[in-house]
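Student: Pasting a structure below so you can have a look.
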DNA sequence: GCAAGGACGTA
DNA sequence: GTACGTCCTTGCA
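Residue numbers (the UniProt record's numbering): 1 to 975.
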């Protein structure tokens, strides 16, 4: 006997996350997950052949979130958000799917699927048979036995591994460091964040395994805990003995569930066409139906769709179809799902195209390596015939200002791609071997041949994060244009989730591609792409171009279907080349200034370090919050210590500042030391390392699709967090200088977010204040506290300012109290007063909270959607967090959209005005330019004009937008 | 060598 | 209370 037990949850979960959710029946019911479920179930029966073929089989489901475990530990699985809305109607359908395949499906109230699986597995073994558990749930690993009579099978396809992954005692040992029968002991100690099993705080899997291997089991360990040498570990175990026992009960599976069906009732039956086809037809899985029909030699047309499934599950038309989860999502209710059967709505066309592309197989060995001029010409001709081509460059590094070109891949249509190797190193050459590999076209000549195509305004070049390739190719004399970018398309559609090629491929193509580390390795032994053998490189590179063009085919129609075209075309696509040029220009940084500052800071830091150790009475590492906390709150026993979530003493700047005010000189010394070492570590010492040897300047990279509100982010180095608040910090800005004969101009929006808020929430009092050019914080204070603006105490204004910022951040009494070091009740009174004075604010905040829950997203003034897939989370603190974020996101995001529009228009405007200004940096509400000395006064009005009018004509703001701009030799002076 | 946590720089 | 990226220590391989 071989009993195969399928964990239904694993299949559902995987089907949901692996597949695009666009699949719907003609009546609008989402069935993508059911479809995936059927595919996986069928594939499993196909894969289990020969001695692995099941004689008995069942699919086991969870009945509900409640099980007997909640009775003795109410928090069990309490973190779990409710299932996404579109998944709910699919649950009964997955049961129906199992039955349609003639496989019994089992679920029982009060028991988790895992308990039922455990019970049946044990029954099979006691009957002298074998059991296979198809699941990826590690909680089931405790059931595996050493004789191979109970095994697990994970069907997740992982690149480079066989599709079936058998899990036996060895794999269990790999994961838990112990034999299967000890798994529960380890889990009892290390807990499980996902299921909310507490475990012993501070003990992870590794430590748990070590302890269990020494002591055998939890009870013995707890009994002999005093023998443990490490003091911290010993104490943790003693303190949390009860947690460990409860955890052990939680993770131990019941093996005596009173199951209704005896094992004999699970005998595998052949597929019954009379059961299967009515189901598949009701689900409208036409492709799958044909495939199965072919396999079992039946005529599906002999059966009608199951009328009950049809009627019972017809979705009410017009229901919001907001979705959640890792897969790309979001079909809004109004865009054509409702009603209409067979009509060619944009949504339907996009879904059909996605399905068509997904069905195309990958054949990585079929890609061509281009080594002749003739074939190169053929590919160029093909690109011209198509009017578009996907382009991907392979290089020696991640920094496109420094890396060398190694090869180029092209794809003109799905499955049809090539690789043009240009800079691969010779075979046996090691790092310094120098040789050039055989079988490559000449780089210069090839680039010259490609240049007309790459610069042809009538041929679209498609890339994934094409800014990288553009920035690289510019250095080789090629200006890639026009471009489309699948990364930016995905960002416009689904926001800042994981939009990597790998993730999008997995979600939309069912294929994640080859990880680059498979080719170049990782860490110390990493090689560059130039050292990768050409055939291997070609498979990887061409696959990337192939995936890019496939994604383009899927995402482009979605832009129209999901109303994201305007955002993509006006805020994303045109910005990309602008950022590429800014990155290429870089900014000049004065090494000498940084070196002098570094010396100064180091000296002063050393003095504070000595003082701190003197005051502490012992030498310790000031950089270790852990050691500091123990000295302050342990050794010195200072009052008022709080702990972080991991049980460490909190020693943040606010805590130390409090202590310093209470007369703890050690706290003051550490605050000063931290400031100085921060400035050294992150800026004065680190920045020189970013000066590019070729250009002598520092080139940051902007990430255009990283921030959920639509802001940019900057990295390597981050030039958006150069210090400005403290005097020492500002000195670092003096090292950012204009090139000889040039000047820097800094132009920044004044109070842009508060102005945007005044417009969006329509607050007349705020608008009037901006119109009159008042000090907005002082005005707020005078309104709220009835204090005249003339002679207002600075403390009063400070509080009003904190409240204004608080509003933008989605204020809470808790947060405001923290910020102002006041009682929470007082903070609450302030907020009430604010709402009373500006009632529109409360309306705005409530409206955003409603919207985010109803739609799963909020939008900026310019139509950018900012998704919050967990807006209806059952976790109250998560929900509150999302509410605050949904209040902030339209404000921060609209301001971000405005400066994007300004940046897109800036270069043409300067050119028209005949001003040779180069835009170098963006810092959220500030733009930095470099201009020839003497042209500052001409440049500033143009810059200001573009920035102040960036919103029109798309949006006519009902508040004035003001820009402050100054010129100086260095950034500090200009700011 | 790598990941997580704490801390801290900016808007 | 919002949004990021980087550095350092710690604790594991």
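The C-beta atom is built at its ideal place from N, Cα and C for all residues, glycine as well.
1) Going straight from the alpha carbon of residue 273 to that of residue 101, what length do you get?
2) In angstroms with no decimal places, state the Cα-to-Cα distance between residue 384 and residue 460.
3) Is the beta carbon of residue 952 less than 8 Å from the beta carbon of residue 906?
4) Please state whether the Cβ-Cβ distance between residue 802 and residue 820 is less than 8 Å.
5) Can you say whether residue 890 is buried or exposed, counting buried as having 16 or more other CB atoms within 10 angstroms of its CB?
6) For residue 313, count neighbouring C-beta atoms within 10 Å of its own C-beta (all shown protein chains included) and say buried if the count is 16 or more, exposed if not.
7) Looking only at C-alpha atoms, which of 614, 142, 571 and 408 sits nearest to residue 117?
8) Would you report the Cα separation of residue 230 and residue 14, rounded to the nearest angstrom?
9) Figure out for me which residue from 716, 485, 612 and 728 has the closest Cα to the Cα of residue 599.
10) By DSSP's criteria, residue 715 is part of a beta bridge. Which residues make up the other side?
11) I need the straight-line Cα distance from residue 949 to residue 400, nearest angstrom please.
12) Between residue 612 and residue 670, what straight-line distance do the alpha-carbon atoms span, to the nearest angstrom?
13) In its own chain, which residues sit with a C-beta less than 7 Å from the C-beta of residue 277, not counting the 5 before and 5 after it?
14) Can you tell me whether residue 922 is buried or exposed? The criterion is at least 16 other CB atoms within 10 Å of its CB, across all chains shown.
15) Using a Cβ-Cβ cut-off of 6 Å (strictly less than) and excluding sequence neighbours within five positions of residue 316, which residues of its own chain qualify?
16) Using C-beta distances below 6 Å, list every residue in its chain close to residue 702, excluding the 5 sequence neighbours before and after it, in chain order.
17) Restricting to runs no shorter than 4 residues, where is the alpha helix (DSSP H) found entirely within the region 546-624?
18) I need the straight-line Cα distance from residue 322 to residue 855, nearest angstrom please.
19) DSSP beta-bridge partners for residue 930?
20) With a threshold of 16 other CB atoms inside 10 Å of the CB of residue 119, please say whether the residue is buried or exposed.
21) Taking 7 Å as the cut-off, is the beta-carbon of residue 670 closer than that to any non-hydrogen atom of the ligand ZN?
22) Is the beta carbon of residue 371 closer than 8 Å to that of residue 480?
23) Spatial neighbours of residue 979 within its chain, please: CB distance less than 6 Å, with the 5 preceding and 5 following residues excluded, ordered by chain position.
24) I'd like the span of the alpha helix (DSSP H) that includes residue 1006, first residue to last.
25) Closer than 8 Å by C-beta to residue 804: which residues in its own chain qualify, once you throw out the five before and the five after it? Chain order, please.
26) Since residue 552 and residue 462 should fall inside the 8 Å C-beta cutoff, what is the C-beta to C-beta distance between them, to a whole number of angstroms?
27) What first and last residue would you give for the beta strand (DSSP E) that runs through residue 56?
28) Am I right that residue 407 and residue 423 are in contact with their C-beta atoms under 8 Å? What's the rounded C-beta distance?
29) On the CB-based measure, 16 or more other CB atoms within 10 Å of its CB, does residue 888 come out buried or exposed?
30) Determine the extent of the beta strand (DSSP E) in which residue 416 is found, giving its start and end residues.
31) Rank 974, 590, 147 and 833 by C-alpha distance to the C-alpha of residue 181 and give the top, closest one.
32) Would you kindly check if the distance between the Cβ of residue 37 and the Cβ of residue 60 is under 8 Å?
33) If you check the beta carbons only, do residue 237 and residue 228 fall under 8 Å apart?
34) Could you spell out where the alpha helix (DSSP H) holding residue 39 opens and where it closes?
35) Compute the Euclidean distance between the alpha carbons of residue 834 and residue 964, then round it to the nearest angstrom.
36) Should residue 204 go down as buried or exposed, given a rule of 16 or more other Cβ atoms within 10 Å for buried?
Tutor: Taking the structure as given:
1) Position 273 of the first chain, counted from the first residue, corresponds to residue 273. Position 101 of the first chain, counted from the first residue, corresponds to residue 101. Near 9 Å, if we compare the C-alpha coordinates of residue 101 and residue 273.
2) Counting from one through the first chain, the residue named residue 384 turns up at place 384. Counting from one through the first chain, the residue named residue 460 turns up at place 460. Cα to Cα, residue 384 sits roughly 9 Å from residue 460.
3) In the first chain, counting from the first residue as 1, residue 952 sits at position 952. In the first chain, counting from the first residue as 1, residue 906 sits at position 906. Taking 8 Å as the Cβ cut-off, residue 952 and residue 906 do not qualify as a contacting pair.
4) Sequence index remark: in the first chain, residue 802 carries index 802 (1-based). Sequence index remark: in the first chain, residue 820 carries index 820 (1-based). Yes, these two residues count as a Cβ contact at 8 Å.
5) Here residue 890 refers to the residue found at position 890 of the first chain. Buried.
6) If you number the first chain from 1, residue 313 lands on position 313. Confidence at residue 313 is low in this model, with a pLDDT of 41, below 50, so the placement of that residue should be treated as unreliable; the coordinate-derived value is given next. With 16 or more other Cβ atoms within 10 Å, it is buried.
7) If you number the first chain from 1, residue 117 lands on position 117. Out of 614, 142, 571 and 408, 142 has the C-alpha closest to the C-alpha of residue 117.
8) The residue given as residue 230 occupies position 230 in the first chain. The residue given as residue 14 occupies position 14 in the first chain. Whole-angstrom Cα-Cα distance: 41 Å.
9) Numbered from 1 along the first chain, position 599 holds the residue referred to as residue 599. The residue with the shortest Cα to Cα distance from residue 599 is 728.
10) Numbered from its first residue, the first chain carries residue 715 at position 715. Answer is 701, bridged to residue 715.
11) Taking the first chain and counting its residues from 1, one reaches residue 949 at position 949. Taking the first chain and counting its residues from 1, one reaches residue 400 at position 400. Cα to Cα, residue 949 sits roughly 33 Å from residue 400.
12) The residue given as residue 612 occupies position 612 in the first chain. The residue given as residue 670 occupies position 670 in the first chain. Rounded to the nearest angstrom, the two C-alpha atoms are 7 Å apart.
13) As a first step, residue 277 must be located in the first chain, where it is residue number 277. For residue 277, where only same-chain residues beyond five positions count, the Cβ hits under 7 Å are 289, 300 and 303.
14) Within the first chain, the letter at position 922 stands for residue 922. Per the 10 Å Cβ criterion, buried.
15) Taking the first residue of the first chain as 1, we reach residue 316 at position 316. The predicted model places residue 316 with a pLDDT of 34, which falls under 50 and marks its position as unreliable; any figure quoted below should be read in that light. Nothing listed; no residue qualifies.
16) Counting from one through the first chain, the residue named residue 702 turns up at place 702. If we look at residue 702 and ignore the five residues flanking it on each side, its Cβ neighbours are 579, 712 and 714.
17) 575-585 and 591-616
18) Within the first chain, numbered from 1, the residue matching residue 322 stands at position 322. Within the first chain, numbered from 1, the residue matching residue 855 stands at position 855. Reliability fails at residue 322, whose pLDDT of 32 lies under 50, so the model's placement of it is uncertain and the value that follows must be treated cautiously. So the alpha carbons of these two residues sit roughly 6 Å apart.
19) On the first chain, position 930 is the one that residue 930 refers to. BP columns for residue 930 point to 744 and 918.
20) For the purposes of this step, residue 119 is identified with residue 119 of the first chain, where counting begins at 1. Answer is buried; the Cβ neighbour count reaches 16.
21) Of ligands this structure carries none, so the ligand ZN is not represented either.
22) Residue mapping note: residue 480 aligns to position 480 of the first chain, counting from 1. Residue mapping note: residue 371 aligns to position 371 of the first chain, counting from 1. Going by C-beta atoms, residue 480 is not nearer than 8 Å to residue 371.
23) The requested residue 979 is not part of the displayed model; the chain covers only 1 to 975.
24) Given that the chain is displayed from residue 1 to residue 975, the structure contains no residue 1006 and the question cannot be resolved.
25) Here residue 804 is taken as the residue at index 804 of the first chain, counted from 1. So the qualifying residues of the chain are 754, 776, 777 and 780.
26) Taking the first chain and counting its residues from 1, one reaches residue 552 at position 552. Taking the first chain and counting its residues from 1, one reaches residue 462 at position 462. With a Cβ gap of about 5 Å, residue 552 and residue 462 count as contacting.
27) In the first chain, counting from the first residue as 1, residue 56 sits at position 56. 56-60 is the extent of the beta strand (DSSP E) around residue 56.
28) Within the first chain, numbered from 1, the residue matching residue 407 stands at position 407. Within the first chain, numbered from 1, the residue matching residue 423 stands at position 423. Yes, residue 407 and residue 423 are in contact; Cβ-Cβ is about 7 Å, under 8 Å.
29) In the first chain, residue 888 corresponds to position 888, counting from 1. Flag for residue 888 reads buried.
30) Locating residue 416 in the first chain gives position 416, where the first residue counts as 1. Unbroken beta strand (DSSP E) run through residue 416: 416-421.
31) Here residue 181 refers to the residue found at position 181 of the first chain. Ranking the options by Cα distance to residue 181, first place goes to 147.
32) The residue labelled residue 60 in the question sits at position 60 within the first chain. The residue labelled residue 37 in the question sits at position 37 within the first chain. No, the pair does not count as a contact, with Cβ atoms beyond the cut-off.
33) Indexing the first chain from 1 puts residue 237 at position 237. Indexing the first chain from 1 puts residue 228 at position 228. For residue 237 and residue 228, yes; Cβs fall inside 8 Å.
34) By one-based count along the first chain, residue 39 stands at place 39. Run containing residue 39: 32-47, per the alpha helix (DSSP H) assignment.
35) Along the first chain, read from residue 1 onward, the residue named residue 834 stands at position 834. Along the first chain, read from residue 1 onward, the residue named residue 964 stands at position 964. Cα-Cα distance, rounded: 28 Å.
36) Here residue 204 refers to the residue found at position 204 when the first chain is read from its first residue. Result: exposed.
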